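J.: Numbering (our numbering), first residue to last: 875 to 1168.
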Ligand SMILES: Nc1nc2c(ncn2[C@@H]2O[C@H](COP(=O)(O)OP(=O)(O)OP(=O)(O)O)[C@@H](O)[C@H]2O)c(=O)[nH]1
Ligand SMILES: [Mg+2]
Ligand SMILES: [Zn+2]
């Protein structure tokens, strides 16, 4: 029998082939699950803090899962602190609508977003303007995995937290990770054949430990992301720069479109909310309403 005192706390960084890889101060252990943990599906997730009984060598047994703060569903990771949403400034060009959907999805999952604009080495004035639009409302890091520009700041942003890299394919997620973590060799530069054929294969998510503390997971890029299924009247609340104004709208359930006495439209007229951001909001709203009609 295991003595409770001998249990070590660690974090599950990978689950593969029936084994759970648990990371603690001493490094990694390949663990199995105690019987009672095996019966429920999704009982133990990547990102979970667990108590394990160390075994022979680098083996062990997961005895207990500590309370989970959050669960991200795509990819499935527990206790994620922040989503680093990576878009490239060129090759491919940033798509503001898609970025918006990533931001909304993060907000809905209760995960703090950080925007990372990569490939600044390729950017022109026009694309840099876009960056400044977001700086007011979100933490923004501008990087080049090629020249190393901004990587220090990104590293600081990741320190001590569990982060997930997300964003479209080809923006440089894996290249950035490789430059942040010496010795790491994530595959880069290939647009995966699976992605092209639209097939969904299981992919194993892995948390990579960072030298400064904290973990980061790479994800395969998705070229499209649907808006999550939210009520149209809840949309504004997911825009950090817009939501704050809605409390004074004349109508409860105001969609901030054509309604009279709308304080969001007023804020746009007064220049407190950027026109471009408001248009982005309207575009997302139209998508939501359109989808509900179908
Ligand atoms: N010029 C320039 N090229 C970059 C930069 N970062 C990445 N690249 C290149 O962009 C291409 C795609 O990079 P990846 O790291 O594979 O992109 P990814 O986001 O991981 O793509 P998926 O895994 O398909 O989602 C590669 O050819 C990289 O060399 C950068 O900062 N500047
Ligand atoms: Mg990649
Ligand atoms: Zn309104």
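Don't be surprised by glycine CBs; every beta carbon is placed ideally from N, CA and C.
The structure presented is a predicted model; accordingly, all values stated were derived computationally and were not measured.
(1) Relative to the C-alpha of residue 1028, which residue among 957, 885, 952 is closest?
(2) What three-state label does DSSP hand residue 1131 in the structure shown?
(3) Please confirm whether any heavy atom of ligand 3 lies closer than 8 Å to the CB of residue 1130.
(4) Excluding sequence positions up to five away, which residues of its chain have a Cβ less than 8 Å from the Cβ of residue 1053?
(5) Going by DSSP, what residue range makes up the beta strand (DSSP E) through residue 956?
(6) Could you pull out every residue in the same chain whose Cβ sits closer than 8 Å to the Cβ of residue 918, ignoring the five residues on either side in sequence?
(7) May I ask you to check if the CB of residue 1227 is nearer than 8 Å to at least one heavy atom of ligand 3?
(8) Looking only at DSSP bridge pairs, what is residue 928 linked to?
(9) Looking at the strands, I want to know which residues DSSP matches up with residue 1083.
(10) Would you mind stating whether residue 964 and residue 1001 have Cβ atoms separated by less than 9 Å?
(11) So residue 903 is in the alpha helix (DSSP H); what residue range does that whole segment cover?
(12) Can you have a look at residue 826 and say buried or exposed, based on whether 16 or more other CB atoms are within 10 angstroms of its CB?
(13) Whole-angstrom Cβ separation of residue 953 and residue 922, contact assumed at under 8 Å?
(14) Exposed or buried, what is residue 1070 when buried is set at 16 or more other beta-carbons lying within 10 Å of its beta-carbon?
T.: The relevant details are as follows:
(1) Residue 1028 has its Cα closest to that of 957, out of 957, 885, 952.
(2) Three-state DSSP puts residue 1131 in coil, outside helix and strand.
(3) Relative to ligand 3, the beta carbon of residue 1130 is positioned inside 8 Å of a heavy atom.
(4) For residue 1053, same chain residues with a beta-carbon under 8 Å away, outside a window of 5 residues either side, are 1019, 1022, 1025 in chain order.
(5) For residue 956, the enclosing beta strand (DSSP E) starts and ends at 956-962.
(6) Contacts found: 886, 889, 894, 907, 911, 924, 936, 939.
(7) The chain is shown only over 875 to 1168; residue 1227 falls outside these bounds and no answer can be derived.
(8) Answer is 934.
(9) Assignment of beta-bridge partners to residue 1083 by DSSP yields 1089.
(10) It is a contact, given that the beta carbons lie within the stated cut-off.
(11) Judged by DSSP secondary structure, residue 903 falls outside any alpha helix (DSSP H) and instead within the beta strand (DSSP E) spanning 901-907.
(12) This structure cannot settle anything about residue 826, because the visible part of the chain is limited to 875 through 1168.
(13) About 7 Å separates the two Cβ atoms, so the contact holds.
(14) Summary for residue 1070: the model assigns pLDDT 48, below 50, so the residue's position carries little reliability, and this model does not support an answer.
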